[in-house]
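Chains as they are written, first to last, in the numbering used here: chain A, 21 to 430; chain B, 21 to 430; chain C, 21 to 430; chain D, 21 to 430.
Ideal placement from N, C-alpha and C gives every residue a C-beta, glycine not left out.
Protein chains: 4
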Amino acid sequence: MNKKKIINDPVHGFIRIPSELIFDLIEHPVFQRLRRIKQLGLSYFVYPGATHTRFQHAIGAVHLMSQAISHLQMKNAGISPEEEEAVLIAILLHDIGHGPFSHALENSIINGISHEDLSDYLMHELNREFGDKLDLAIQIFNNKYHKKFLHQLVSGQLDMDRMDYLKRDSFYTGVVEGNIGVDRLIKMLDVRNDILCIEAKGIYSIENFLIARRLMYWQVYYHKTVIASEFMLVKTLQRARYLAQQGEKLFATPPLEFFLYNNITPNVLKENPASVIPHFLDLDDSDIMVSAKQWSKHNDKVLQILANGIINRKLVKVEISKIEFDPPKIDEIIGLISKKEKLSAADVSFLVSTDCIANWAYTDKSETIKISFSDGTVKEIAQVSDVLNISYLNEMVMKYYLCYPKDCGV
Amino acid sequence: MNKKKIINDPVHGFIRIPSELIFDLIEHPVFQRLRRIKQLGLSYFVYPGATHTRFQHAIGAVHLMSQAISHLQMKNAGISPEEEEAVLIAILLHDIGHGPFSHALENSIINGISHEDLSDYLMHELNREFGDKLDLAIQIFNNKYHKKFLHQLVSGQLDMDRMDYLKRDSFYTGVVEGNIGVDRLIKMLDVRNDILCIEAKGIYSIENFLIARRLMYWQVYYHKTVIASEFMLVKTLQRARYLAQQGEKLFATPPLEFFLYNNITPNVLKENPASVIPHFLDLDDSDIMVSAKQWSKHNDKVLQILANGIINRKLVKVEISKIEFDPPKIDEIIGLISKKEKLSAADVSFLVSTDCIANWAYTDKSETIKISFSDGTVKEIAQVSDVLNISYLNEMVMKYYLCYPKDCGV
Amino acid sequence: MNKKKIINDPVHGFIRIPSELIFDLIEHPVFQRLRRIKQLGLSYFVYPGATHTRFQHAIGAVHLMSQAISHLQMKNAGISPEEEEAVLIAILLHDIGHGPFSHALENSIINGISHEDLSDYLMHELNREFGDKLDLAIQIFNNKYHKKFLHQLVSGQLDMDRMDYLKRDSFYTGVVEGNIGVDRLIKMLDVRNDILCIEAKGIYSIENFLIARRLMYWQVYYHKTVIASEFMLVKTLQRARYLAQQGEKLFATPPLEFFLYNNITPNVLKENPASVIPHFLDLDDSDIMVSAKQWSKHNDKVLQILANGIINRKLVKVEISKIEFDPPKIDEIIGLISKKEKLSAADVSFLVSTDCIANWAYTDKSETIKISFSDGTVKEIAQVSDVLNISYLNEMVMKYYLCYPKDCGV
Amino acid sequence: MNKKKIINDPVHGFIRIPSELIFDLIEHPVFQRLRRIKQLGLSYFVYPGATHTRFQHAIGAVHLMSQAISHLQMKNAGISPEEEEAVLIAILLHDIGHGPFSHALENSIINGISHEDLSDYLMHELNREFGDKLDLAIQIFNNKYHKKFLHQLVSGQLDMDRMDYLKRDSFYTGVVEGNIGVDRLIKMLDVRNDILCIEAKGIYSIENFLIARRLMYWQVYYHKTVIASEFMLVKTLQRARYLAQQGEKLFATPPLEFFLYNNITPNVLKENPASVIPHFLDLDDSDIMVSAKQWSKHNDKVLQILANGIINRKLVKVEISKIEFDPPKIDEIIGLISKKEKLSAADVSFLVSTDCIANWAYTDKSETIKISFSDGTVKEIAQVSDVLNISYLNEMVMKYYLCYPKDCGV
């Protein structure tokens, strides 16, 4: 079989699969399942075009990595063919541990099990299956390799993950001004003392990148309606789990049933991964949607309201505030709903919730952006940019949201 | 609530919802379910970006219809506000009867029930619910209205359905050269004696449109891998149904279970629609995928092979030919597989199949394209274009395909 | 004649000419000459694609103005049809006083005559010719009309001039990340107390707009090579004028000859415009290029070096610094060149120059951006954005450049 | 100096200059002059965005050639580094002999001297200057090299010249549906027996390419208004020349004066190229525009009308017909104008003209497109495509046009 396949990508054009090993990894069921997991979860309720998958994103990130490596090679970064394939594999598999609607799942039925842990576990599994050919990739992924910039290309302020997802999410949502100048940014990449830098003349591109990213956060990732739908999804799963734990017989697809009716903690995963992983790998977006669709007709009113919300886009109201919401206000809302819907306060607590948006944030990557000058010096971006309050950009602005059903009399 | 909403579409930019009634129709669960049905079925196995839904397409077609109407108004086509809203509703709902993977479903578990019949039924249902406000839209949809061009804008050689889907499918697959000049085509639209025409100077745009459409057919809709995966999907459902009819207990989501274990014919639908429609409306892409995922681990070998194919992209081989395949050749293949896999010929017949691609074709719309000249005459496009063999373009080229498992020794 | 013409624009698509009066203004020779004046002067030395003209830009700005007005109308801004046409005319003609390579000309042969004065004069001329139909447009242009937001749409922090030129320059240079979200920005426009505002939820779009604009400044408008070529153009014209004033017979096209051999000051224009304006209107990019082409073979060494530079892209070296260059350093360079080229220090002064980039800046528009909130309040952007140092963005960063011939031994 | 420069192109993105020799050729004044020659002449009268230059086009064609070569290398076409650089140089210089408004010039003042002859001459000149490093490039350009496909990539049915200009002209005019699938076409290129082919599965792309090209011809290159303006330009130059030959003193820039007042024939060029070439190289778009601008105020009424037409877009009327225009009709028109404008019939003949559009056509390249099959066979495209009347596409449709002043009473 010809494994030098070319894939047609609407974002980057033709993408060449760079090696046979990478082709085989893409063909593997563990990777193929990413075709069934949407990159942006329920954001399609706001941006109907945003139905792209983690599969496409991973392939796109491999493409950008190829370009970054070949560009750094021209600057004599001294990357060996083995290192090149390893860093390509690391970026291909960087999201391999994601389940459906990851953030929602992590806050409900697989509480405490992070996708990072799962990625790490699955990479080792694949490594075993592929005769240790992923050793170096795993070292780079886990930042155990001495050439730190290779890890930074996979996971850092300017990694190919971000480059691809910002460009791709901008493309699919139609938020055109979120488009970042990926080609120019890659052209400006540089390596000094094994650390990834941006050439000084790229400072305006970096400013633009950071501001475009911020725009994407508030315009897309933290859009009110996205928060409302993610909230309802979390609560739907929490309610289903609550009912399940009480012995209620609920329809659920087999893998979802597993997680609803068992109590899977990080410890269980750690001690007996083989009892958990197959169920996890069996789970994708369709399990959640299919189950919620049935629940939207369930006779538990709370479950019915919540599931109906994410199936038929009957979403809760969201208020956003820079300060925390007053507990008395929340209690008042709970009281109103309790009365109107004839539900106990405990039940209503599944329909009303306040939280901080930063909880939902993609974990921030700690290191800073370095700028390299032609005289050999390297500076922090905060020392170079005069218009950005970098410190503000770094510490994600805290915003609080309060969700509750519409028409509840508030 | 503000019902003059604007939707962000990556293909057309900002789309304004043209009226409150249309807003309410979009909000209706029967329409919202189109969010869960992909426009191009399993084509994402070839074009990973092609995960767009029928929901987006319908909204996009409404947008193009708005533009077409406002353009025709400037040419004094004399369209009343009521007619305008009606034709917008007709295009909004033109695909309302589609289920998941429509063509595959119609060839397996809902054999003989066409999506056109379902659309018609559902429109009448909505009409009842909305107090007969859809009367005129239904007349136009069913070509019962005297201004024929309004129907042609919904369903005809140059309808807004095609305009949107060709442009959208080109965008999402990344097959850029399939992009058609929608804006120019709409600008060239004209009405003569209540019939839709294209101005003579638009002849090159029309040629381009027809050839781009042909390219999209062979490059996307009839791509070998798409045929392979649709074949496997049909056979998966047929096999599941076959097992179900034999009393085998199969996992299936509730609506899919209904269609697998009952024998729903056009007659049943006709006589007792209320017994069928709710199950149909409950069905979407996720039911099929979730069930196939479980079947891919089933102990019926045939079902397991087929379902695994569409879950993990382990697809059959496809041969394409301009002439029919020899029955002896097919028998030979069946024999080889039968021997290798230790299956009866009857079982193997689910894994091997030959058919004509035209069977899969979007039903062709019979009327021809009319060209209007400034001297008042109107001609058929076949009389005007000197480079296109229109007759060939019209009668869909027959091609035969033969599908069978890889590595079966052929 | 059909004056409801449609123009094909690669940036905005089809553009409809909104009225017959505007059609007639576009047809006028004073406007048609903008077809022969490039928007970005010699920037094509860096960005070969950037050969777009002021004609396209003005038409594009009219298009965006149409959209902005129709959007504000939906928000009940209460704009009359007369006001609408007037503001469209005002934006159409906002650059009517531009000559070829405006900034270079203003610093050499028409020293002191600003394009704003010429625009004002020409608008009044056209008004006379068109029977005072431009009265209101001129009031708006000159900010004499009580609805201030109409002037702000023509000339302000968020005017349609900027919106079009940023988007257009990004498109033609290929600096994709300079692309701004024009559609969203227009959607966010609002009017409070006759002042133009942006709705609060548009804050991220505004940040993005400001940063994209900054990127365009440094990546395009103040690109080193652009500065080098503009410097050489100014010096070419200054040298030609110097030789002309000394009685040297130089080839020049008739309008350029007029400005080289006469001393046209703002006073002359003021007192006897009819003696100046026809020559000015006769001047475009081709006069400068044709003359410089001949001068590149002239026997005055200084003129020859300079003219050859802008014809054959043999540009001077540019150094950029945040602090002023030392006079002794400049003297040293002048000395070296003087010696090498056997030229007097006075002659060499045409080849070496230092200046501050801010001198070249598009004059900044003083008012600030206002943000409107749903509770009725209006705030300055500086109070709302937490990540931008607005004060820094407003006061254009001062940078100094020093230009001198390459290979002069420095 | 770093000669591995990268150029920002709005059509193809970042373009890398492939070698130092190519960098030096681009820097040469003979090539730099292409910056001052628009690719589409006066087409900006219809498509204001179409101000792109031959410079950009040549660089873009080099970029596509790089991609084609690297793609053919992967198919083991066996192209040596020397052949690669030679074919890149050949495409870079393929238009080097073009003057301003080439087709118009060849029909007026440099009658009979083709741009192909000039290209050939200039390449040899450059070869001398560059120490014979262009030997192989010239062989390929002149189809003297045994690997015919290299010439075909420079000049053939599927050459990189066409690929770039169709894509670029589509981009700059905004005729989006003229966009061709360059990336896919290049991917489908193949070589059999040293002849360039397209793989059989690329047949739909080729059909699309041919039809898109046809659309561009009629929508852009042969647009009525383009024909009108090119006609007026030819006649302007012919009239100027006629007056010059009669001893009239006309303003003209030096190189244009040379061609107006001398009689430069192919023979003169052949016998004494050094007397002609420097004047030719001195000529660009600006010479024509600057001179026509002065002529638009000349007291010869015919010259004034014609020159005013191309300066201020006061264009003649154009009739298009599939059959030749009747001489009596033409005589009648001449009579009417003669009377109205008080001009002799001989003078009026500069204002009225009929011709066949095919005269204006880009010379067609005789060889046909070859399709290669996986079984090793190669067929003509006419044998493979069932929907295109290839014979019609090949022989350019003859259309006749008749131009005459508007408002002349016809």
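Separation of Ser-373/B and Val-322/B (C-alpha to C-alpha, rounded to the nearest whole angstrom) is 14 Å.
In the assembly as shown, Asp-210/A is a buried residue. Its beta-carbon has 16 or more other beta-carbons within 10 Å. Note: Ile-340/D is bridge-paired with Tyr-421/D in the DSSP secondary-structure output. Flagged as an interface residue toward chain B: Gly-33/C, by a C-beta distance shorter than 7 Å.
Per the C-alpha coordinates, the member of Gly-198/A, Asn-332/A, Lys-317/A, Val-50/A positioned closest to Glu-149/A is Val-50/A.
For the pair Arg-53/B and Ile-206/A, the Cα-to-Cα distance works out to about 41 Å.
The straight-line gap separating the alpha-carbon atoms of Phe-393/C and Gln-177/B is approximately 48 Å. Between Ala-110/B and Ala-81/B, the CB-CB gap reaches or exceeds 7 Å. Between Ile-330/B and Ala-312/B, the C-beta gap is smaller than 7 Å, which places the two residues in contact. Looking at the DSSP output, Cys-217/A shares a beta bridge with Asp-210/A.
As a beta-bridge residue in DSSP terms, Asn-28/C pairs with Phe-34/C.
The stretch 176-192 of chain A and the stretch 231-246 of chain A touch, with three or more beta-carbon pairs separated by less than 8 Å. Closest in C-alpha terms to Ile-129/A, from the list Asp-406/A, Arg-259/A, Ile-354/A, Ile-231/A, comes Arg-259/A. With its beta carbon less than 7 Å from one in chain A, Pro-49/B belongs to the interface. Bridge pairing for Glu-400/A: Lys-390/A [DSSP]. DSSP places Asp-181/C inside the alpha helix (DSSP H), whose first and last residues are 180-193. In the three-state DSSP reduction, Ser-316/D falls in the coil class, being neither helix nor strand. At the C-beta level, Val-246/C and Ser-63/C come within 7 Å of one another.
Look at the beta carbons and you see the stretch 23-41 of chain D not touching the stretch 263-273 of chain C: under three pairs across the two are nearer than 8 Å.
Assigned with DSSP and collapsed to three states, Leu-113/A falls in coil, not helix or strand. Glu-291/C and Ala-248/C have their alpha carbons spaced roughly 36 Å apart. As a beta-bridge residue in DSSP terms, Thr-73/A pairs with Lys-58/A. Taking the C-beta atoms as reference points, Cys-217/A is found no nearer than 7 Å to Val-404/A.
Within chain C, not a single residue places a beta-carbon under 8 Å from that of Val-211/D; the smallest gap is close to 31 Å. Residues of chain D with a Cβ closer than 7 Å to the Cβ of Tyr-224/B are, in chain order, Arg-234, Leu-235, Trp-238, Gln-239.
Residue state for Asp-375/B is assigned as strand, using DSSP reduced to three classes.
Taking 7 Å as the cut-off, the beta carbon of Gly-222/C is found no closer than this to the beta carbon of Met-236/C.
Residues of the same chain with a CB within less than 6 Å of the CB of Lys-255/C, apart from the 5 flanking positions on each side, are Leu-326, Phe-370 in chain order.
Nearest to Pro-68/B by alpha-carbon distance, out of Ala-106/B, Gly-194/B, Glu-361/B, is Gly-194/B.
For Glu-268/B, no alpha helix (DSSP H) run applies, since DSSP gives it neither H nor E. Following the DSSP letters along the chain, one finds Asn-96/B in no alpha helix (DSSP H), marked with neither H nor E. Within its own chain, the residues whose Cβ lies closer than 6 Å to the Cβ of Ala-70/D, once the five positions on either side in sequence are excluded, are Leu-60, Ser-63, Tyr-64, Tyr-192, Thr-193, listed in chain order.
Among the residues facing chain D, Asp-203/A is included, as its CB has a counterpart in that chain under 7 Å away. Chain order gives the chain A residues near Ile-200/C as Glu-197, where near means a beta carbon separation below 7 Å. Going by C-alpha positions, Thr-73/C is about 20 Å away from Pro-275/C.
A direct Cα-to-Cα measurement between Glu-197/C and Ser-90/A gives close to 22 Å.
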